[in-house]
Each structure stands twice: as structure tokens, then as C-alpha cells.
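Residue numbers (this note's numbering): 3 to 320.
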């Protein structure tokens with residue numbers, strides 16, 4: 003094929019290929035004619051004049067995200083790094099503004115994020131930054147929405163995705179947290195010990211009360227038994243003194259017999275002569291009589307003192 007036929011063929015191919023273009027879904031194409039804006043083309047297959055029209059650029063209508071790392075200082079002079087994620091999109095009716103009004107929208111958004119974060123965080127203490135990260139995100143979204151809507155950008159969401167204080171501060175915060183937990187654990191352990199001590203004291207008190215009640219009941223039954231024994235002996239002609247002596251002697255020998263049967267009992271020296279029972283009874287009787295006389299003397303002395311004080315009061319009144 004000669005060059006005469008080849009050149010027209012090449013021109014025809016260039017014209018055909020330069021006359022058509024496609025636009026992907028969720029995108030918009032900016033068509034210019036001789037350097038001037040001509041139209042906005044949506045998704046699909048399109049025609050343009052070869053050599054006169056050109057696709058100046060394409061704008062994505064999808065929701066995009068820009069992540070920005072900002073380092074700033076809190077109110078309590080702690081340096082902290084924040085990672086902010088901003089989700090934004092270009093609406094279909096604002097493609098012209100988004101393409102022609104901003105040369106680099108990412109840098110514009112990045113600058114606004116730095117400005118807002120470094121204005122809000124220095125007003126807060128470190129603990130407040132963690133607690134109020136949603137307030138920081140809302141402030142970023144509000145500021146960006148007001149600034150970027152004139153350029154065709156819609157701010158969908160702003161998120162503070164990470165807060166990273168200085169390493170030494172994180173170590174100190176962990177120590178404080180551990181100390182607080184140890185303090186709380188010690189308080190719980192102390193309360194548990196107090197409850198155990200109180201419960202043990204109550205149990206011991208209840209045990210002593212029941213033990214005392216058992217001893218009282220035992221002595222009461224012994225007294226009843228002795229009374230019945232005395233009545234039985236009196237019914238067969240034995241007077242009360244003889245009956246008491248007999249009971250004392252009987253209990254004395256019962257005790258010796260019980261000790262002899264128990265091989266593990268401790269050694270106790272007791273009188274075991276035939277007159278031991280009567281001697282014991284005589285000593286007990288003498289003690290009772292002496293106690294009674296002492297009580298009567300103390301009562302008489304108390305009565306004399308009361309009478310003397312009464313007379314002194316009467317004389318003072320006169």
C-alpha cells in the first residue's frame with residue numbers, strides 16, 4: 003500500500019477514536035471545547051468533536067475518605083497525636099464547582115482539619131480529649147461543611163479514629179490506672195475481712211450464749227435432781243442434813259469412779275478418806291453460814307449509813 007492511501011487511513015482512525023469516549027458509573031466527565039467549558043457528561047458512551055473537544059478531567063461521585071494525622075498539645079501540656087478521618091463526596095449538581103474552583107481539594111481539607119484540631123484540643127485536658135472526641139469530630143465536620151459547600155463538596159462524616167499521647171504519658175497513665183485498681187482491690191479485701199471478723203465475732207457470741215444457756219440448764223437439772231433426792235430420803239425417815247451428807251458422799255465417790263474409768267483424764271488429787279464427804283459438807287455449811295453472817299453485817303452497816311445521811315439532810319433543812 004502506497005503512502006498516498008496510508009495517510010488518509012490513519013487520519014480516519016484518529017478521527018473515529020477521538021470522537022467517542024466513555025464515563026464510568028458514579029463519575030462525571032468535564033468536556034471542554036477549544037479550552038472552554040462545554041458540558042458535563044454522566045456515565046455511559048459519548049460523542050465529541052475530534053480535535054476541538056477534549057475531556058479535561060473526571061470527577062468521582064463516590065464517598066471518599068481522607069485520613070489526616072495531627073500533633074498538638076492539650077491544656078495540661080501533653081503532646082498528643084490525633085488521627086482524623088473525613089468522609090466527603092461531590093454531588094452531581096456541583097461537579098463544575100468541585101473541578102474548577104479548587105486545584106487540590108485534599109490539601110484544602112487537610113488545612114481545615116489542622117486548624118480545627120489545634121484550636122479545640124488545647125482547650126481540653128488529656129482525659130477530656132478521650133471523653134470528648136465526638137465533640138472534636140463534630141467541630142471538624144461543622145467547620146469543613148461551612149467551608150467546602152461553596153466548592154461543591156459535601157462532608158458526610160468526620161471521625162477521630164485514634165488518640166495517641168506521648169509514650170511516657172501512656173506509661174504514667176497505666177501506672178495510675180493500676181494504682182487505682184489496686185486501691186479498689188484493697189478496699190474490697192478490707193471490707194471482706196471486716197465482714198469475716200464480724201461474722202466470726204457473732205458466731206462466737208452466739209456460741210458463748212448457747213454454752214452459758216446449756217450450763218444454766220445443766221445446773222438447773224442438777225438442782226432439781228438434788229431436790230428430788232432430798233425429798234425421797236426425807237420420805238424414808240432421813241432428815242435434810244443427813245440426806246445432804248449422803249448425796250455429797252455419793253457424788254464424791256461417783257466422781258472418783260468416773261476418773262478411774264477414763265484413762266486419758268488428767269491427774270487430780272482429791273481426798274478419798276471415809277470422812278472426806280462429811281468434812282466437805284461441814285466446810286460448805288460453814289462457808290454458807292459465814293457468807294450469810296457477812297451479808298447481814300454489810301446490810302446492817304448500809305442501813306446505818308442511810309439513816310445517818312437522812313438525819314443530816316433533815317438537820318440541814320432546819
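Here a beta-carbon is modelled for each residue, glycine too, at the ideal position from N, C-alpha and C. Small disclaimer: the values here were computed from a predicted structure and weren't measured.
* Could you give the residue range of the alpha helix (DSSP H) that holds residue 143? -> Looking at the DSSP string, the run of the alpha helix (DSSP H) that includes residue 143 is 135-150.
* Under a CB-based cut-off of 7 Å, is residue 41 close to chain C? -> The structure shown contains no chain C; it holds only a single protein chain.
* To do: For residue 135, count neighbouring Cβ atoms within 10 angstroms of its own Cβ and tell me buried if that reaches 16, exposed if not.
  => Classification of residue 135: buried, given that the 10 Å Cβ count is 16 or more.
* Asked: For the beta strand (DSSP E) that contains residue 25, what are its first and last residues?
  -> Residue 25: member of the beta strand (DSSP E) spanning 22-25, first to last residue.
* To do: Pull up the distance between the alpha-carbon of residue 36 and that of residue 52, whole angstroms please.
  => Straight-line Cα distance between these residues: approximately 11 Å.
* Asked: Would a C-beta distance cut-off of 7 Å place residue 50 and residue 71 closer than the cut-off?
  -> Cβ atoms of residue 50 and residue 71: not closer than 7 Å.
* What's the C-alpha gap between residue 82 and residue 192? -> The straight-line gap from Cα to Cα measures roughly 39 Å.
* Could you spell out the range, first to last residue, of the beta strand (DSSP E) harbouring residue 69? => Per DSSP, the unbroken beta strand (DSSP E) holding residue 69 starts and ends at 66-75.
* Exposed or buried, which one is residue 143 when buried takes at least 16 other CB atoms within 10 Å? -> Buried is the call here.
* Which residue comes first and which comes last in the beta strand (DSSP E) that contains residue 158? -> Looking at the DSSP string, the run of the beta strand (DSSP E) that includes residue 158 is 155-167.
* So which of 118, 157, 117 and 303 has the shortest CA-CA distance to residue 67? -> Of the listed residues, the one whose Cα sits closest to residue 67 is 157.
* **Local conformation of residue 51 per DSSP, three classes** => Assignment of residue 51 by DSSP, reduced to helix, strand and coil, places it in the coil class.
* Asked: Can you tell me where the beta strand (DSSP E) with residue 86 in it begins and where it stops?
  -> That run of the beta strand (DSSP E) goes 81-92.
* Asked: CB residue 65 to CB residue 89, shorter than 7 Å?
  -> Going by C-beta atoms, residue 65 is nearer than 7 Å to residue 89.
* Would you tell me roughly how many angstroms separate the C-alpha atoms of residue 11 and residue 106, rounded to the nearest one? => About 41 Å.
* Asked: Are there 16 or more other CB atoms within 10 angstroms of the CB of residue 178, so buried, or fewer, so exposed?
  -> When all chains shown are included, residue 178 counts as exposed.
* For residue 34, which beta-bridge partners are listed by DSSP? -> Secondary-structure assignment with DSSP links residue 34 through a beta bridge to 39 and 56.
* According to DSSP, what are the bridge partners of residue 29? -> Answer is 62.
* Asked: What residues match up with residue 46 in a beta bridge as DSSP calls it?
  -> BP columns for residue 46 point to 25.
* Among 24, 213, 168 and 96, which residue has its Cα nearest to the Cα of residue 154? -> Measuring from the Cα of residue 154, the nearest candidate turns out to be 96.
* Extent of the continuous alpha helix (DSSP H) run through residue 113 -> Taken as a continuous stretch (DSSP letters only), the alpha helix (DSSP H) holding residue 113 covers 107-122.
* Euclidean distance between Cα positions of residue 104 and residue 55 -> Spanning the two alpha carbons is a distance of roughly 22 Å.
* **C-alpha distance - residue 173 paired with residue 190, whole-angstrom precision** => Each residue's alpha carbon lies about 26 Å from the other.
* To do: Leaving aside the five residues before and after residue 100 along the sequence, list all residues of the same chain whose C-beta is less than 8 Å from its C-beta, in chain order.
  => Within the same chain, residue 100 has close Cβ partners 61, 92, 107, 153, 154 and 155.
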